[in-house]
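There are 6 protein chains.
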Amino acid sequence: MSAPPSDSRQSVSGLGEPGQRLAVCPGSFDPLTVGHVAIIARGLRLFDRVIVAVSVNIRKQPLFSFEERTTMIREAFDNDPRLQVEALSGLLATWARDRGAVAILRGLRAAADFEYELQMAQMNRHLHPEVDTVFLPSDPGVSYVSSSLVKEVAALGGDVRGLVPPNVHAALMGRLGTRTP
Amino acid sequence: MSAPPSDSRQSVSGLGEPGQRLAVCPGSFDPLTVGHVAIIARGLRLFDRVIVAVSVNIRKQPLFSFEERTTMIREAFDNDPRLQVEALSGLLATWARDRGAVAILRGLRAAADFEYELQMAQMNRHLHPEVDTVFLPSDPGVSYVSSSLVKEVAALGGDVRGLVPPNVHAALMGRLGTRTP
Amino acid sequence: MSAPPSDSRQSVSGLGEPGQRLAVCPGSFDPLTVGHVAIIARGLRLFDRVIVAVSVNIRKQPLFSFEERTTMIREAFDNDPRLQVEALSGLLATWARDRGAVAILRGLRAAADFEYELQMAQMNRHLHPEVDTVFLPSDPGVSYVSSSLVKEVAALGGDVRGLVPPNVHAALMGRLGTRTP
Amino acid sequence: MSAPPSDSRQSVSGLGEPGQRLAVCPGSFDPLTVGHVAIIARGLRLFDRVIVAVSVNIRKQPLFSFEERTTMIREAFDNDPRLQVEALSGLLATWARDRGAVAILRGLRAAADFEYELQMAQMNRHLHPEVDTVFLPSDPGVSYVSSSLVKEVAALGGDVRGLVPPNVHAALMGRLGTRTP
Amino acid sequence: MSAPPSDSRQSVSGLGEPGQRLAVCPGSFDPLTVGHVAIIARGLRLFDRVIVAVSVNIRKQPLFSFEERTTMIREAFDNDPRLQVEALSGLLATWARDRGAVAILRGLRAAADFEYELQMAQMNRHLHPEVDTVFLPSDPGVSYVSSSLVKEVAALGGDVRGLVPPNVHAALMGRLGTRTP
Amino acid sequence: MSAPPSDSRQSVSGLGEPGQRLAVCPGSFDPLTVGHVAIIARGLRLFDRVIVAVSVNIRKQPLFSFEERTTMIREAFDNDPRLQVEALSGLLATWARDRGAVAILRGLRAAADFEYELQMAQMNRHLHPEVDTVFLPSDPGVSYVSSSLVKEVAALGGDVRGLVPPNVHAALMGRLGTRTP
Numbered sequence: 017m018s019a020p021p022s023d024s025r026q027s028v029s030g031l032g033e034p035g036q037r038l039a040v041c042p043g044s045f046d047p048l049t050v051g052h053v054a055i056i057a058r059g060l061r062l063f064d065r066v067i068v069a070v071s072v073n074i075r076k077q078p079l080f081s082f083e084e085r086t087t088m089i090r091e092a093f094d095n096d097p098r099l100q101v102e103a104l105s106g107l108l109a110t111w112a113r114d115r116g117a118v119a120i121l122r123g124l125r126a127a128a129d130f131e132y133e134l135q136m137a138q139m140n141r142h143l144h145p146e147v148d149t150v151f152l153p154s155d156p157g158v159s160y161v162s163s164s165l166v167k168e169v170a171a172l173g174g175d176v177r178g179l180v181p182p183n184v185h186a187a188l189m190g191r192l193g194t195r196t197p
Numbered sequence: 017m018s019a020p021p022s023d024s025r026q027s028v029s030g031l032g033e034p035g036q037r038l039a040v041c042p043g044s045f046d047p048l049t050v051g052h053v054a055i056i057a058r059g060l061r062l063f064d065r066v067i068v069a070v071s072v073n074i075r076k077q078p079l080f081s082f083e084e085r086t087t088m089i090r091e092a093f094d095n096d097p098r099l100q101v102e103a104l105s106g107l108l109a110t111w112a113r114d115r116g117a118v119a120i121l122r123g124l125r126a127a128a129d130f131e132y133e134l135q136m137a138q139m140n141r142h143l144h145p146e147v148d149t150v151f152l153p154s155d156p157g158v159s160y161v162s163s164s165l166v167k168e169v170a171a172l173g174g175d176v177r178g179l180v181p182p183n184v185h186a187a188l189m190g191r192l193g194t195r196t197p
Numbered sequence: 017m018s019a020p021p022s023d024s025r026q027s028v029s030g031l032g033e034p035g036q037r038l039a040v041c042p043g044s045f046d047p048l049t050v051g052h053v054a055i056i057a058r059g060l061r062l063f064d065r066v067i068v069a070v071s072v073n074i075r076k077q078p079l080f081s082f083e084e085r086t087t088m089i090r091e092a093f094d095n096d097p098r099l100q101v102e103a104l105s106g107l108l109a110t111w112a113r114d115r116g117a118v119a120i121l122r123g124l125r126a127a128a129d130f131e132y133e134l135q136m137a138q139m140n141r142h143l144h145p146e147v148d149t150v151f152l153p154s155d156p157g158v159s160y161v162s163s164s165l166v167k168e169v170a171a172l173g174g175d176v177r178g179l180v181p182p183n184v185h186a187a188l189m190g191r192l193g194t195r196t197p
Numbered sequence: 017m018s019a020p021p022s023d024s025r026q027s028v029s030g031l032g033e034p035g036q037r038l039a040v041c042p043g044s045f046d047p048l049t050v051g052h053v054a055i056i057a058r059g060l061r062l063f064d065r066v067i068v069a070v071s072v073n074i075r076k077q078p079l080f081s082f083e084e085r086t087t088m089i090r091e092a093f094d095n096d097p098r099l100q101v102e103a104l105s106g107l108l109a110t111w112a113r114d115r116g117a118v119a120i121l122r123g124l125r126a127a128a129d130f131e132y133e134l135q136m137a138q139m140n141r142h143l144h145p146e147v148d149t150v151f152l153p154s155d156p157g158v159s160y161v162s163s164s165l166v167k168e169v170a171a172l173g174g175d176v177r178g179l180v181p182p183n184v185h186a187a188l189m190g191r192l193g194t195r196t197p
Numbered sequence: 017m018s019a020p021p022s023d024s025r026q027s028v029s030g031l032g033e034p035g036q037r038l039a040v041c042p043g044s045f046d047p048l049t050v051g052h053v054a055i056i057a058r059g060l061r062l063f064d065r066v067i068v069a070v071s072v073n074i075r076k077q078p079l080f081s082f083e084e085r086t087t088m089i090r091e092a093f094d095n096d097p098r099l100q101v102e103a104l105s106g107l108l109a110t111w112a113r114d115r116g117a118v119a120i121l122r123g124l125r126a127a128a129d130f131e132y133e134l135q136m137a138q139m140n141r142h143l144h145p146e147v148d149t150v151f152l153p154s155d156p157g158v159s160y161v162s163s164s165l166v167k168e169v170a171a172l173g174g175d176v177r178g179l180v181p182p183n184v185h186a187a188l189m190g191r192l193g194t195r196t197p
Numbered sequence: 017m018s019a020p021p022s023d024s025r026q027s028v029s030g031l032g033e034p035g036q037r038l039a040v041c042p043g044s045f046d047p048l049t050v051g052h053v054a055i056i057a058r059g060l061r062l063f064d065r066v067i068v069a070v071s072v073n074i075r076k077q078p079l080f081s082f083e084e085r086t087t088m089i090r091e092a093f094d095n096d097p098r099l100q101v102e103a104l105s106g107l108l109a110t111w112a113r114d115r116g117a118v119a120i121l122r123g124l125r126a127a128a129d130f131e132y133e134l135q136m137a138q139m140n141r142h143l144h145p146e147v148d149t150v151f152l153p154s155d156p157g158v159s160y161v162s163s164s165l166v167k168e169v170a171a172l173g174g175d176v177r178g179l180v181p182p183n184v185h186a187a188l189m190g191r192l193g194t195r196t197p
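Chains as they are written, first to last, in the working numbering: chain A, 17 to 197; chain B, 17 to 197; chain C, 17 to 197; chain D, 17 to 197; chain E, 17 to 197; chain F, 17 to 197.
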């Protein structure tokens, strides 16, 4: 009787086709944490492929280069062929649409995260409604872990094992050891 | 180098297989609103099939029977074969796992929603980690629409056209007209 | 050049006319607290007249009757002729519109209040856009005072002087003394 | 019986007089968005006059000069004589008091906004209790629109029509076209 | 030079004396969860003695009697002599003051908890400023665990081992087995 | 029956011993506000000694030197021998552990504070579980007072008496008078 919303039916050029669903997981990943690993792994169960979109902000000096971050992410997932890592440029929503993604994947740790993420998701859907934003609630045990806090703690000599994957921990120790001899 | 989390690889009996991904969308749907319609429609783009799990709480007297709610949901989606409607019984996480769902789908309207939903999602993942919870941010234009507020407004004579699908609006007018002559 | 929003110009039958602006301040006021007094007093500076809309919920057994609450509010404002007290019936937005109000006035004490109040305000504006909702932030010293908490504390023998106006305090002591001899 | 709060009665030199009520609406307006337009338009219905107080922060390099912003605001309201645009200097509360304003007008989009705004409102009332702060809840459809997000999206080539008034859109395209050829 | 706040100096009849500091930890504990255990254990490190104040609400039908709850709490702490369990009656703040407590101890799991707890804490300090309220942030791994959710999950057959102490788990299985044969 | 959590029993080298309990109260205190004074005073009632840990961030140019801030804090507490003031260096959790503290003391003013503070507290407990974090809810009347807002208001000529202790007010006037002749 009442017509369904038109976007529940057709799909444009592969978007939303069974077996081809792609999600984009954006972030700085400077460095990858166990929180990121959990979100990406959950994305690989929910979707057919995941592209990790590494933002490369020329104004901020990262701890690890884009190439280092890419290598660490690939290693942490044992080069899973369903996972790609790319540098994000331009508008995230357009970038995701151009790759045929059905979803932008974001982890949510706390209510404060949610409000910022909601604003971004609504803007992204305004720009390209065919790309949805999907929020995954963080695992309770890692809700306090963020890249910036991990870097701050590690730089001051705190033990961050368990908060980042083992390969990232090794890289972090090498990098910070160089800086703080 | 570092081993990936084991759950990113194998899948148990069809869970997470391409082309077979199923999401469960739980709620009371008493009645279906335009907010619900948007979430279900988005679920049908992200997943291969969606089961709407209608909770039937014997302690609460609903406005519409389970059969009426089922009919209204099916009508609103023009009997889309990828959409099923079932009565939820027992634990949601177990119910979803038993149907082979990869995800429980929930709309998020506001930060206050988020905190309650996060608690439920973390409990559900504790019970059955193979069923994830996926949050979709509400469309900004309908963030204030809920079934209970719609019923309250309609019962007091307010105009709720546009807040529910047309078939639900007709049913609501019929039901409330009977009650408040 | 660009046309202004049409509702910034004309006004319908006295709504928004200088010297005639009316605000409605809804609530249960069971009983009036110092927080309510502050909000109503501020409303009387911002608008020409204020109607206190006392909700009379037949399902809830109030501590004070509508007549008692009305008397206490009038007394607390020394029968200020710019303040009226009426029983609210039906939809608040329609009720306010019918009285020619330009605004519904609500105090905001905390972020949790805000989310519920935002939902109600957006629904009310959906129903009758000509009646706005205006939020006034609570005074910091009384942000923890609510009618229900005051009643609970007073019923258990706690001292609530200073949390309600003197006439309400006297009435509260009389009423609770009757109940808990 | 109980004396009313003294500030509900007298008013100092025109503050709060019928027909003369003035509200100040502060912000950067770099640039004006449809969210700002809605708040100012609602202010013009609630009060007799509105002064838009454009903050001119010498530390931040704006996209548009104070003069450009002023022109865009006046144009968007078709030079409504009840609307003035001025540069804000010094303390907002003192500035508003000196102009005889009864209220500072702020739009609230989300709970996160609210906490910051509540702090500022309580400080402003501490400084000058005769100037109140009035919050207007944002329209649900534009709750994700902010000047900074609009600039960021437009600079990356995203379509922001509908998020700003037409005259601002034209100016934005001209300005960013100059910058990103 | 400037005088310190007077309440930082003297203490009334043992309140705040070294070696005698007592905290009250209120709740329903129907039943005790691992979240409660963690908060009480942390209280025993921060204070010299802890009284668990079990609220006995005659309007709500608890799953376990006051005696059963008391036994389970004592058992979980191996009858630690520094821990007492008592039935709470009347106003919490007065009850705590009468026992010479310096603090009321509350776990905080989420921002939504915080707002309610802040209101109660400010009221309690208004009533008896000599009894402070101390919030302990929940351990991240158990932030989703509450007595009511544990009961709901267990009643529907979900596995709640690890969410309550072993003795409580045994009691819960016995009680719910009786009810749902 | 069930074993209690091991950390509720033994204590390591004086941590948690009656009569020796020490809390660390960290912050910038640039300058000390009445909100800080209240939290420190309450800490002195709950614990045997308090160390104020003044963070000295070399990237931020403070208004007052570490020595000036130290003097102002000591003066405000009349050189109470149970209060020490030290410069914080390195990781707060390690610094507190090294001094034998049982607790890190933080004031909470609003829900937005809470989320950031919860993240820091959970990280600090991950690093050194033997040092707890204790939150004290702010007094309602000063919930809007922060050092940065006080400085901003004072620099623009606003009256901040009552928001800082008298000795800090004098120092603030002297310092800002020098800057803004």
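Cβ coordinates follow ideal geometry from the N, Cα and C atoms, glycine included. Computed from a predicted model, the values in this text were never measured in an experiment.
task = Please confirm whether residue 51 of chain E and residue 172 of chain C have their CB atoms less than 7 Å apart.
result = Taking a C-beta distance under 7 Å as the contact criterion, residue 51 of chain E and residue 172 of chain C do not qualify as a contact pair.
task = Please classify residue 4 of chain E: does DSSP put it in a helix, a strand, or coil?
result = Residue 4 of chain E lies beyond the residue range present for chain E, which begins at 17 and ends at 197; the question has no answer from this structure.
message = With three or more beta-carbon pairs closer than 8 Å as the criterion, would you say the segment 74-93 of chain D touches the segment 113-127 of chain D?
response = no
ask   = Contact between the segment 77-87 of chain C and the segment 38-58 of chain C: three or more CB pairs below 8 Å?
value = yes
request  = Pull up the DSSP beta-bridge partners for residue 190 of chain F, would you.
outcome  = In DSSP, residue 190 of chain F forms no bridge with anything.
Contact residues within the segment 46-61 of chain D, judged by C-beta distance below 8 Å to chain C = 53, 54, 56, 57, 58, 60, 61
request  = Using the DSSP secondary-structure output, state which residues sit across from residue 102 of chain F in a beta bridge.
outcome  = F/69
request  = Anything in chain C within Cβ reach of residue 134 of chain D, meaning under 7 Å, just list it in chain order.
outcome  = Here the neighbours are 153.
ask   = Which one or two residues does DSSP pair with residue 43 of chain B in a beta bridge?
value = B/70
Alpha-carbon to alpha-carbon, residue 147 of chain A and residue 112 of chain A = 7 Å
query = What's the gap between the Cα of residue 158 of chain F and the Cα of residue 179 of chain F?
reply = Their Cα atoms are separated by approximately 8 Å.
ask   = Considering only C-alpha positions, which residue in the set D/190, D/186, D/175 is nearest to residue 109 of chain A?
value = D/175
key: Counterpart residues of residue 56 of chain A in DSSP-defined beta bridges   = Under DSSP, no beta-bridge partner is assigned to residue 56 of chain A.
inquiry  = Just to confirm the assignment, what range does the beta strand (DSSP E) spanning residue 141 of chain A have?
reply    = Residue 141 of chain A -> not in any beta strand (DSSP E); alpha helix (DSSP H) instead, spanning 127-143.
task = Taking 7 Å as the cut-off, decide whether the C-beta atoms of residue 70 of chain E and residue 85 of chain E are in contact.
result = yes
query = In chain A, what lies closer than 8 Å to residue 156 of chain B by C-beta?
reply = 138
Inter-residue CB distance, residue 115 of chain E and residue 38 of chain E (contact presumed, cutoff 8 Å) = 7 Å
Stretch-stretch touch, CB-based, cutoff 8 Å, three pairs: the segment 125-138 of chain E with the segment 129-149 of chain B = Verdict: yes, contact present.
request  = Could you name the residues of the segment 169-190 of chain B whose beta carbon sits closer than 7 Å to any beta carbon of chain C, in the order they occur along the chain?
outcome  = 169, 172, 173, 174, 175
ask   = What is the rounded straight-line gap between the Cα of residue 169 of chain E and the Cα of residue 170 of chain D?
value = Rounded to the nearest angstrom, the two C-alpha atoms are 49 Å apart.
key: Coil, strand or helix - residue 114 of chain D by DSSP   = helix
task = Could you tell me whether the Cβ atoms of residue 156 of chain C and residue 138 of chain D are closer together than 7 Å?
result = yes
key: From A/95, A/96, A/57, A/82, residue whose alpha carbon lies closest to that of residue 104 of chain A   = Closest by alpha carbon: A/82.
message = What does the Cβ neighbour count give for residue 64 of chain E, buried or exposed, with the cut at 16 atoms within 10 Å?
response = buried
inquiry  = Taking 7 Å as the limit between beta carbons, can you name the residues of its chain near residue 181 of chain E, skipping five residues before and five after?
reply    = 48, 50, 53, 92
query = Going by Cα to Cα distance, which pick from D/124, D/72, D/68, D/73 is closest to residue 97 of chain D?
reply = D/68
Test: residue 163 of chain C CB closer than 7 Å to a CB of chain F = no
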